[in-house]
Amino acid sequence: MRAFTITRTIVRMLFRGPATIRYPKEPAQIKERSRGHITMDITTCIFCRLCEKNCISQAITVDKEERTWTIDRMRCIICGECVTACPKDCLRIDPRYHPPVTEFLVETLQGPPVPDPVPERETA
Ligand code: SF4
Ligand code: SF4
């Protein structure tokens with residue numbers, strides 16, 4: 001009985017073909033809820049470091065002084081915790097996958113410069 005089940009499965013798989021694709025030769029199958037990669041809008045970031053503190057993979061580094069936000073894409077497991085934690089809605093999960101790379105991929109974004117403080121009005 002067991003041999004029959006295995007044989008039936010093998011025959012079925014022979015006709016159906018493999019369940020996997022030859023990515024990146026063949027384009028990835030992207031669904032609406034696919035977890036592709038994290039994107040960041042640095043223009044609204046306040047460098048509060050909540051994303052860094054909530055990242056279980058320690059993939060994010062925020063430098064408040066330098067106004068930089070860095071992600072190590074090899075560490076990121078796309079869990080979405082940073083997206084949930086961000087109070088300014090800077091982070092998103094893009095359903096498209098990041099293009100394949102052969103080296104460690106660490107990306108640093110530089111925040112816009114801090115505007116000059118408004119000079120105090122001179123009193124007469
Ligand atoms: S949680 Fe959001 S606002 Fe705070 S540092 Fe991270 S990306 Fe910037
Ligand atoms: S998605 Fe998860 S693992 Fe990736 S940077 Fe955000 S918190 Fe870290």
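Numbered per my numbering, the sequence shown finishes at 124, counting up by one with no gaps. Beta carbons are placed, not taken as given, at the ideal position from N, Cα and C, and that holds for glycine.
Is it true that the segment 86 to 105 meets the segment 21 to 41, where meeting means three or more beta-carbon pairs spaced less than 8 Å apart? The segment 21 to 41 and the segment 86 to 105 touch, with three or more beta-carbon pairs separated by less than 8 Å.
Thinking C-beta only, is I56 closer than 8 Å to E81? In contact: E81 and I56 (Cβ atoms closer than 8 Å).
Neighbour-count burial assignment, A19, 16 or more Cβ in a 10 Å radius: Of the residues assessed, A19 falls on the exposed side of the cut-off, its CB having fewer than 16 other CB atoms within 10 angstroms.
If you drop the 5 nearest sequence neighbours on each side, which residues of the same chain put their C-beta closer than 7 Å to that of C76? Non-local C-beta neighbours of C76 in its own chain, meaning closer than 7 Å and more than five positions away in sequence, comprise I38, S57, A59, ordered along the chain.
Going by DSSP in three states, L50 sits in which element: helix, strand or coil? If DSSP states are grouped into helix, strand and coil, L50 belongs with the helices.
Using only CA atoms, which one of C51, V11, E26 lies nearest to C86? The residue among C51, V11, E26 with its C-alpha nearest the C-alpha of C86 is C51.
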